[in-house]
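Working notes, structure below.
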Amino acid sequence: MVLGAVTGMGIFNFFDLSRSPVLAAVRSFAGGDQDRPISGSHPYAASAGGRLTADWAGSFVTDNIFHDARRLRSRSRDLCRNNPYVLKAKNYLVDSIVGKGFKMQSAYCNPDGTPNEEIRNEIEQFWRSFCCSCDLSGRMTFEEMTRLAFSEMVETGDAIIRISLRTAPNSDIPFSLEILEAENLDDSKTSTESPIIRQGVEINSFRRPIAYWISSEPARQAYLFGGTVSSQRLLARNILHLYRIDRPSSARGVPWLSPVMLQAKNAYELERAFMVRSRFEACLMAFRVTPDPLVSQEGLRPDEAEYLEPGLIKNLAPGDSILPYDPSGTASANAIPFLNNQYQGIAAGANVPLHDLTGDYSQVNYSSSRMAEIVARRYWRFWQKYLQEHFCQRVLERVMDVAALNDKLSFSKDYFLNPSKYCCVKWYAQPFGILDLDKEIRANALAMQTNQLCLTEILAERGVDFAEFVTQRAEEIRIMRELGIYNENNPQIQ
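Now the structure itself:
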């Protein structure tokens with residue numbers, strides 16, 4: 012076949028690299044012609060190979076987490092310390108999702124379905140007392156621990172809370188919580204044989220965590236001081252591991268801002284570069300050549316030429332020449348659009364509205380800000396529910412078990428007959444802010460008049476329970492009637 016091609020095209024064309032049939036066959040075998048659109052060759056364009064996608068190599072996510080987790084965590088912590096936009100994104104998520112914490116309201120009912128206010132009040136009072144003295148170190152309340160746990164979850168990808176049966180300060184219940192660093196989870200403990208261990212998390216064949224290997228100090232500190240990492244195996248029931256599961260096989264989390272860390276770093280360095288450039292442009296210099304070669308140069312500092320200052324005048328010796336340099340250019344003019352583009356990428360990757368990330372509300376109107384808030388609140392509500400179910404509810408159930416075992420509740424003897432009945436509660440997040448109070452109130456009133464919303468839904472949006480609201484409102488009306496400042500036809504303070 013090759014000889015026929017040589018005879019037909021000529022010996023010179025055969026050695027022509029652009030027309031050689033041999034090299035064409037090699038290129039075709041290696042996939043070099045796959046950039047050319049061939050009908051039916053690749054059902055998905057992203058799976059095509061060739062020059063344009065030669066550097067696009069995929070890999071298994073779990074392997075990437077194992078090799079890159081420590082570096083990602085350290086870089087994420089560095090950006091949260093030194094980059095104002097990354098810090099703002101993290102704090103914005105914590106404030107929007109956790110805020111002041113989650114309020115618990117008991118939903119305990121009698122066998123006939125009627126609310127039992129006495130037991131409800133006792134459960135709520137017990138929970139409030141526990142929240143004030145739940146930290147093993149005695150430094151934080153439960154609301155503060157919730158904020159810190161979620162902050163660690165965003166910054167490092169993992170929030171590790173150890174459940175201890177020790178009594179915390181100012182508490183009479185042998186139950187307390189301790190938040191650990193993500194680095195305390197020994198990711199060097201990895202085994203593919205039984206038992207299966209993935210980055211410090213021991214799992215069974217169903218990927219259910221069985222135990223966690225916790226080290227007394229982060230691995231990085233141990234290596235810096237010439238020590239070794241010694242980890243202790245703790246049962247999974249004594250560890251609360253909060254992280255975002257991106258893949259079914261994920262055993263550890265990654266920092267939430269990983270997709271935008273490089274952009275944030277580059278934007279920060281670019282800001283510094285433009286700052287240095289602007290300072291250099293401000294150094295306008297005037298040079299003077301002395302006509303008399305006998306003028307003494309004594310008295311001049313030997314290192315004077317190393318300094319650039321605004322309005323600097325430098326004396327030059329006769330015969331010296333000047334090579335002018337103009338630092339001004341078009342790069343500074345393009346800085347703002349480029350940085351805005353980087354900030355948009357950071358805001359999109361962090362699920363934070365752009366105007367809230369930058370603090371620039373000059374180009375924002377009510378409609379655009381409300382649309383951004385609606386999209387963001389869908390994201391926030393999911394993670395609020397996640398924290399309520401995976402952290403708050405699990406802590407409540409465990410501390411109720413311990414309290415009942417220690418006979419700290421009036422219903423301790425009946426508790427274990429139906430624990431879920433006593434632990435049936437409602438969690439309320441802090442209310443979201445109102446963008447325009449007048450428009451929101453008018454819209455809610457119209458929605459209620461047209462039966463599109465009920466008062467319970469409107470109050471739930473603000474994190475208020477309906478029963479608590481009407482009870483408080485009835486008490487207000489009673490007091491106003493006693494003082495003679497309530498009008499039945501116009502229910503407002505006169």
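Heads up: take any position in the sequence shown, counting from 1, add 11, and you land on the working numbering.
Glycine included, every Cβ here is placed at the ideal spot set by N, Cα and C.
As the structure is a computational prediction, the values presented were derived from the model and not from experiment.
| query | result |
| --- | --- |
| Rounded straight-line distance, which links the Cα of H78 to that of T201 | 12 Å |
| Under 8 Å between C-beta atoms of S380 and L446 | yes |
| I488 and A100 closer than 8 Å at C-beta | no |
| Secondary structure of D367, DSSP reduced to three states | helix |
| The segment 423-442 / the segment 358-370 touching (three or more Cβ pairs under 8 Å) | no |
| Distance CB(A193)-CB(T167) smaller than 8 Å | yes |
| Close Cβ partners of N121 (< 8 Å) along its chain, the five nearest in sequence each way excluded | N127 |
| Straight-line Cα distance separating I208 from A179 | 32 Å |
| Nonlocal neighbours in the same chain, by C-beta distance under 8 Å from I504, ignoring five residues either side | Confidence at I504 is low in this model, with a pLDDT of 47, below 50, so the placement of that residue should be treated as unreliable; the coordinate-derived value is given next. Within the same chain, I504 has close Cβ partners M491, I496, Y497. |
| Touching by the beta-carbon criterion (3+ pairs, under 8 Å), the segment 385-400 and the segment 104-113 | yes |
| Straight-line Cα distance separating L253 from N132 | 30 Å |
| Given 8 Å, three or more beta-carbon pairs between the segment 88-104 and the segment 142-150 | no |
| Outcome for R84 when other beta-carbon atoms lying within 10 angstroms are tallied against a minimum of 16 | buried |
| Straight-line gap, L494 to T482 (C-alpha atoms, nearest Å) | 19 Å |
| Cβ-heavy atom distance, D371 to the ligand HEM, below 7 Å | Within the structure as shown, the ligand HEM is missing, as the structure has no ligands at all. |
| Rounded separation between R255 and M164 - CA only | 8 Å |
| P364, buried or exposed, once every other Cβ within 10 Å from all chains shown has been counted against 16 | buried |
| D46 versus A65: straight-line alpha-carbon distance, rounded | Per-residue confidence for D46 stands at a pLDDT of 48, beneath the threshold of 50, marking its modelled position as unreliable; the derived number appears in the next sentence. Roughly 10 Å separates the two Cα atoms. |
| Cβ contact (3+ pairs, closer than 8 Å) linking the segment 472-479 and the segment 431-446 | yes |
| Straight-line Cα distance separating R263 from P348 | 37 Å |
| Residues sharing a beta bridge with L191, DSSP | I171 |
| A222: first and last residue of the uninterrupted beta strand (DSSP E) it sits in | 220-226 |
| Unbroken alpha helix (DSSP H) run spanning L98, endpoints | 95-108 |
| Sequence-distant residues of the same chain with beta carbon closer than 7 Å to R244, five excluded per side | A222, W224 |
| Of the listed residues S227, I184, D418, A275, nearest to N352 (C-alpha basis) | A275 |
| As assigned by DSSP and simplified to three states, the class of V265 | coil |
| DSSP-derived helix/strand/coil call for C294 | coil |
| Best match in L350, A59, Y377 for proximity to L368 [C-alpha to C-alpha] | L350 |
| Best match in C142, S117, T152 for proximity to E135 [C-alpha to C-alpha] | S117 |
| Coarse secondary structure for C434, derived from DSSP in three states | coil |
| Expected contact under 8 Å - CB spacing of Y439 and F113 to nearest Å | 7 Å |
| Beta-carbon proximity of K419 to I184, cut-off 8 Å | yes |
| Local conformation of K200 per DSSP, three classes | coil |
| For Y497, the three-state DSSP class (helix, strand or coil) | strand |
| Beta-carbon contacts of A170 that lie in its chain and below 6 Å, excluding the five residues immediately before and after | A160, E163, M164, L253 |
| Identified DSSP bridge partners for H252 | I171 |
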